[in-house]
Amino acid sequence: MTSDGPIVEDELQAYVDGRLGDARRTAVEAYLAQNPDVRERVALDIRQRNALRGQLEGRFAEPVPPRLWIANIRAARRATLARRLAAIAAGLLLFTVGAGTGWFAAHHETLAPPATAGVAQNATAAYRTYVVEVAHPVEVASSQEAHLLQWLSRRLGKPLAAPDLTPFGYHLMGGRLLPGNDSAAAQLMYDDASGKRLTLYVRAAPGSETAFRFNRDGDAATFAWIDQGFGFAVTAPATREELLPIAEAVYRRFN
Amino acid sequence: MADPGPLIEPHIPALRRYAFALLRDRDRADDLVQDTLERALSRWLLRHADGDVRAWLFTILRNLHVSRWRSERRRGASVDMDETTVGVAARQEAALEVHDVLAAIDQLPEEQKSLLLLVGVEDFSYDDAARILGMPLGTVMSRLSRARQRLRALVAGKVTLLRRVK
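As you go down the protein sequences, you meet chains Y and F in turn.
Just add 5 to wherever you are in the first sequence, counting from 1, and you've got my numbering.
Just add 193 to wherever you are in the second sequence, counting from 1, and you've got my numbering.
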C-alpha cells in the first residue's frame, strides 16, 4: 500500500463516483490490484453507474415541453392569482356596499347606484367562482327543487321561485347558499344544451329602485336591479341583447 | 429580487431526468416536474437566498414524490402496485441481460434508488445528497454501499440463472 491508512468502504464508493483526490485514488488502485475480488466488484459498480447514466441521457437531452416553461407556468399562476384577488375584492365590496359607505360607493356613485352595482359585482364574483365548477357546481340539485327553494327562501328571508328559463334554452341545475352582506345570498344555476351556464343571484339590498343596470366583466354579462329590498342579478356569457329578455322574464317572475 | 426564471430554467432537464427515473412514465414524470416548478415559484422568497438552487429544486421534487407515493399507498392502490410489480418483473427478464439498470433500481427502496440517481447520475456531492434526502452524511455512505451491493446481487442472480439454462 502506498499511502497512509487502510482503504475503507466509503472510499471504495468515492472511487466508483470518481471523487477521490489523487493520493487516495492511487492508494485505492494499488489495493484493488492486490484484491481481484474487490476489483471485480468495483468494476461492476462503475459499469452499472455508467449504464444508468447512459439510459437516462436521452431524457436529459430532449427539449423541455412548453408546459414546463417557466413563462407558461407563471402566466397560469398569475391568472389564478388574479381570479382569487377579484373574488376577494368582490367579497370586500359585499361589506362596504352594504354599509353604503365603502370605496366602491365613494368612487362610483356617479356611474351606478352603489347598491345595484354591488349586487352585480357580487353576482359576477359568485358566477366566476361556481360556473367553472365541474364536480360541485350547485349545492342542491334541481332534482330537489322544492327543498332547494324552501331552504333558500328561509335563509334569504324572501320567498324564492326558480324562474322557468326553458324558452331561452336554459334549464335549472340547482342552487347554493352564499354569504350576503347582512344576511344570506342565493345563487340559482342554469345551463343550456351547449353547457353554457347562467346564474341568478339574489340577496337583500337596500332601496326599491327597479332600473336595470348592465355590466360586463370579460365574457360575463350581468343585468342587476333592486326590487323591494332585494337585489337581483342575472349573469351569463351572453350579449346584452341576448341577456335582456332573460332578465326581464326573471324580473316579471319576481315582481 | 432576482428573477427566479433564469435561475430555475437551466435545471429543468435534470429534474425531468430524475422524475422519469423515479416514475418511469413520461407524463407522470412531467406532472411531477410541473408541480415542483409551481411550488418553487410560489416559495421562491422562502428559500435560503445563498443556497444552491439546484439542490433546493431536487429537494422539492423528491419530497413531493415521496408524499404522493405514501398517500397513494394509504389510499390502497393495491391493484396498481401489483401491476407495477408484475410489469417490472416481466421487463426484467429481458432487461438484465442488456444491463437495464434503470429497471433494476426499481427493486430498491426509494431512498437507495434516489441516492444512486442523485449521486451517480445527477452528480450531487455526498453532502448535497444527504441534505436532499434529509439524512446524515454517514447514512448516505452506508446506504450507497448497500444500494450498490443489492444492485450487484440482482444482476449476479440473473447471470447465474442464465448460465445454468445454457
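Note that the Cβ used here is the ideal one computed from N, Cα and C, for glycine as well.
- Along the segment 326–345 of chain F, going in chain order, the ones with a CB nearer than 7 Å to a CB of chain Y are Met334, Leu337, Ser338, Arg341, Leu344, Arg345.
- Look at proline 70 of chain Y: its C-beta is under 8 Å from a C-beta on chain F.
- Contacts with chain Y at 8 Å (Cβ-Cβ) include proline 206 of chain F.
- Asparagine 40 of chain Y sits in coil when the DSSP states are folded into three classes, being neither helix nor strand.
- Separation of the CB atoms of arginine 257 of chain Y and alanine 226 of chain Y is rounded to 19 Å, and the pair is thereby denied contact status at 8 Å.
- For alanine 125 of chain Y against alanine 190 of chain Y, the beta-carbon gap comes to about 13 Å, at or over 8 Å, which does not count as contact.
- Residues of chain Y whose Cβ lies closer than 7 Å to the Cβ of glutamate 304 of chain F do not exist, since the nearest Cβ in that chain is about 15 Å away.
- For isoleucine 231 of chain Y, DSSP records a beta bridge to Y:Gly236.
- In the structure shown, leucine 153 of chain Y falls within a helical segment according to DSSP collapsed to helix, strand and coil.
- A distance below 6 Å between beta-carbons, with the five flanking residues on each side excluded, links tyrosine 36 of chain Y to the following residues of its chain, in chain order: Ile12.
- At a cut-off of 8 Å between beta carbons, valine 246 of chain F makes no contact with chain Y.
- Boundaries for leucine 200 of chain F: no beta strand (DSSP E) harbours it, while the alpha helix (DSSP H) harbouring it runs 197–201, taken from the DSSP string.
- One Cα belongs to arginine 345 of chain F, the other to alanine 92 of chain Y, and the distance between them is close to 58 Å.
- Residue environment analysis places proline 329 of chain F among the exposed positions, since fewer than 16 neighbouring C-beta atoms fall within 10 angstroms of its C-beta.
- For proline 184 of chain Y, the enclosing beta strand (DSSP E) covers residues 176–184.
- According to the DSSP assignment, glutamine 18 of chain Y belongs to the alpha helix (DSSP H) that extends over 14–21.
- Less than 8 Å separates the beta-carbon of serine 307 of chain F from that of leucine 326 of chain F.
- Nearest CB-CB separation between isoleucine 201 of chain F and chain Y: below the 8 Å threshold.
- Taking 8 Å as the cut-off, the beta carbon of arginine 54 of chain Y is found no closer than this to the beta carbon of valine 33 of chain Y.
- In the displayed model, methionine 328 of chain F falls within coil according to three-state DSSP, outside both helix and strand.
- Contact annotation for leucine 49 of chain Y against chain F: Arg345, Val348 [CB-CB distance below 8 Å, chain order].
- Listed along the chain, the chain Y residues whose CB falls inside 8 Å of the CB of leucine 230 of chain F are Leu73, Ile75, Ile78.
- At a beta-carbon threshold of 9 Å, the residues of chain Y lying near glutamine 227 of chain F are Arg72, Leu73, Ile78, ordered along the chain.
- Using a Cβ distance threshold of 8 Å, alanine 146 of chain Y and glycine 179 of chain Y count as a contacting pair.
- Residue state for phenylalanine 317 of chain F is assigned as coil, using DSSP reduced to three classes.
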